[in-house]
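See below for the structure under consideration.
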Ligand code: SF4
Ligand code: SF4
C-alpha cells in the first residue's frame with residue numbers, strides 16, 4: 334500500500350522561507366503562503382497532503398531542520 338502523510342509540520346521559529354522544500358518535492362505537496370510572517374518570510378504550507386508519498390526529501394534538504402513529515406499508520 335502507498336505511504337501517506339498524516340501531517341506535515343513546519344516550525345515557524347526555525348523556517349526561514351527559503352522554499353527548498355517546495356522545489357525538491359516531486360509531488361507539489363507544498364506551496365508558498367500568501368502571508369508574510371513578522372520576520373518578512375513567506376513560509377511554506379501544505380497544499381495537497383494526499384499527494385505526499387512520505388519520501389522525506391523535503392526534510393532531508395531543509396537546511397534548518399524546520400519541516401517534519403508524519404506518516405499515517
Ligand atoms: S526548506 Fe526548511 S527553511 Fe526552507 S522553506 Fe522549507 S521548511 Fe523552511
Ligand atoms: S515527504 Fe516527499 S512527497 Fe511529502 S512533502 Fe516531502 S518531498 Fe513532498
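In the working numbering, the protein residues as written are 334 to 406.
Beta carbons are placed, not taken as given, at the ideal position from N, Cα and C, and that holds for glycine.
These figures come from a predicted structure and were not determined experimentally.
Assign residue i to buried or exposed, taking buried as 16 or more other Cβ atoms, counted over all protein chains shown, within 10 Å of its Cβ.
{"i": "residue 377", "result": "buried"}
{"i": "residue 402", "result": "buried"}
{"i": "residue 362", "result": "buried"}
{"i": "residue 342", "result": "exposed"}
Where do the N-terminal and C-terminal ends of the beta strand (DSSP E) with residue i fall, by residue?
{"i": "residue 342", "result": "338-343"}
{"i": "residue 402", "result": "400-404"}
{"i": "residue 378", "result": "377-379"}
What's the C-alpha gap between residue i and residue j?
{"i": "residue 404", "j": "residue 357", "result": "19 Å"}
If I measure Cβ to Cβ from residue i and keep anything under 7 Å in the same chain, skipping five residues before and after, which residues do I get?
{"i": "residue 398", "result": "347"}
Could you please give the first and the last residue of the uninterrupted alpha helix (DSSP H) stretch that includes residue i?
{"i": "residue 357", "result": "353-357"}
Ignore the nearest five residues each way along the sequence and tell me which others in residue i's own chain have a CB closer than 8 Å to its CB.
{"i": "residue 366", "result": "375, 376, 377, 378"}
(request) Specify which residues have a beta carbon nearer than 6 Å to any heavy atom of ligand 1, listing them in chain order. (result) Going along the chain, the residues that qualify are 343, 348, 349, 350, 351, 352, 353, 354, 377, 395, 397, 399, 400.
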